[in-house]
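Taking the working numbering as reference, the numbering of the sequence shown is continuous, increasing by one, and the terminal residue is 312.
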Amino acid sequence: MPQPTTPDVSAEPQLRVAEPRDAAELAEVIHAAFGARPPLDPPSTAGNETADSVLAALAAGGGVVAEIGDRIAGVVLIGTARPGVAHWRRVSVHPDFWRHGIGTELVAAAEELAAEQGHHRVELVARREVASLVGFWQRRGYTVEPDDPDQPWYVHLAKSLPTAVWIPTTERMRELGRSLADVLAPGDLVVANGDLGAGKTTLTQGIGEGLGISETVISPTFVLSRVHRSTTGRPTLVHVDAYRLSGPDELEDLDLDATLAEAVTVVEWGAGVAEPMAEDRLHIDILRSEDGGNSRLVLVRGVGPRWAEVDLAQIVRAATPATEGQ
Ligand code: ADP
Ligand code: MG
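As structure tokens, then:
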């Protein structure tokens, strides 16, 4: 007779993409995880999942699992809410493995996979009655979205996912800027980060070209901020260098508020400084490749309602043919 084994919860969970052969075990994990919750009204439909329904979900959108030893400890199924927007389903950790941080690792892995699949945002619903759930998601960067009056028992949550692309040359970085300029509108704030020489100004030059700025966009390091008017009827570009600013207070002294509403404002070195300026922001992080070459890894992430329905992944990928990626 096989004896039930005590799970080795001290082992490191292995995160991997869910495979069709996992389906039956995943249905069991989902039943165990949802079955261990207090009874809900209306009841969760998780108990209806079968190996077949999980298999269909995996075929449609995939999923990630956390494995400990030879057991699956947790799962997240990935659905598609709308094009470019992923939807977490059946986020489950088997009760045998609760309180070991597996949920955190699962969610991080699911975010990575969904971004790789081309999603720029993820949404989910959490049961309002399970008080700890909303806090769990908020601590991981998810924001509470408006309720659906037809389903008041759900709290809607969402998070934007960064789109990552490799940009091999200076000219490609400008081209990325030009592509982003196509979707930039008056009132938009771009927060650009990356070390000295990463390419923040180069990207801003591309944005300037896209906005129809005829003068040369150079690093505003000594004047802190420059205003460039469009010659093509596009919004004005306000280009700021926050490198020498100590914090949001000093940024406020630059009176960017006066132009924010009608301009596109780009703040180099803006992380940790520019966030209070606007709820809606486009964050761009530029990292140099470790081999010291010209390649830059660029992470683009829209924050706030302004960007929720903008498919940044598509815009960024269109500017950078996959054949040139790394
Ligand atoms: P920052 O504003 O972040 O300090 P700059 O845009 O002023 O950086 O400088 C980036 C420098 O790196 C430029 O000289 C640019 O020509 C060079 N460069 C080389 N490869 C790239 C690339 N893939 N993307 C952006 N810049 C690059
Ligand atoms: Mg610069």
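Each residue gets a CB set at the ideal place from its N, CA and C atoms; glycine is no exception.
Provide the residue(s) that pair with residue i in DSSP beta bridges, ordered along the chain.
| i | result |
| --- | --- |
| tyrosine 140 | Arg113 |
| serine 146 | Arg107 |
| isoleucine 270 | Ala178, Val286 |
| leucine 223 | His214, Val250 |
| histidine 73 | Gly65, Glu109 |
| isoleucine 54 | Arg57 |
| glycine 363 | Shown here, the chain extends from -13 to 312; a query on residue 363 therefore has no answer. |
With the cut-off set at 8 Å, would you say residue i and residue j are in Cβ contact?
| i | j | result |
| --- | --- | --- |
| histidine 142 | valine 111 | yes |
| glutamate 195 | arginine 164 | yes |
| valine 108 | alanine 52 | no |
| arginine 220 | leucine 197 | yes |
| alanine 260 | alanine 228 | yes |
| glycine 192 | arginine 212 | no |
| leucine 1 | proline 148 | no |
| threonine 251 | valine 224 | yes |
| histidine 106 | glycine 70 | yes |
| alanine 37 | alanine 9 | yes |
| valine 289 | histidine 269 | yes |
| serine 281 | tryptophan 84 | no |
With a 10 Å radius around its C-beta and 16 neighbouring C-beta atoms as the bar for buried, classify residue i as buried or exposed.
| i | result |
| --- | --- |
| serine 232 | exposed |
| threonine 190 | buried |
| asparagine 34 | exposed |
| threonine 217 | exposed |
| glycine 127 | exposed |
| isoleucine 54 | buried |
| glycine 89 | buried |
| glycine 21 | exposed |
| valine 61 | buried |
| serine 200 | exposed |
| glutamate 5 | exposed |
| aspartate 271 | buried |
| glycine 311 | The pLDDT assigned to glycine 311 is 41, lower than 50, so where the model puts this residue is not dependable, and the model offers no usable value. |
| valine 209 | exposed |
| valine 327 | Since the first and last residues shown for the chain are -13 and 312, residue 327 lies out of range. |
| alanine 43 | buried |
| glutamate 254 | buried |
| proline 291 | exposed |
| threonine 306 | buried |
Could you give the DSSP three-state label for residue i: helix, strand or coil?
| i | result |
| --- | --- |
| tryptophan 255 | coil |
| glutamine 103 | coil |
| serine 232 | coil |
| glycine 196 | helix |
| glutamate 261 | helix |
| threonine 66 | strand |
| isoleucine 204 | coil |
| aspartate 82 | helix |
| threonine 155 | coil |
| valine 3 | strand |
| glycine 173 | coil |
| alanine 95 | helix |
| alanine 42 | helix |
| threonine 129 | strand |
| alanine 87 | A small fix is needed here, since residue 87 is glycine in this sequence, not alanine. In this structure, glycine 87 counts as coil in the three-state DSSP scheme. |
| glutamate 35 | coil |
| arginine 23 | coil |
| serine 275 | coil |
| glutamate 238 | helix |
| glycine 183 | coil |
| serine 281 | coil |
| valine 120 | helix |
Segment contact flag, the stretch 228 to 248 with the stretch 269 to 277, C-beta cutoff 8 Å, min 3 pairs: no
For the structure I just gave you, are there three or more beta carbon pairs, one from the stretch 60 to 72 and one from the stretch 33 to 47, closer than 8 Å? yes
Assess, as a yes-or-no matter, whether the stretch 116 to 126 is touched by the stretch 291 to 302 under the definition of 3 or more beta carbon pairs within less than 8 Å. no
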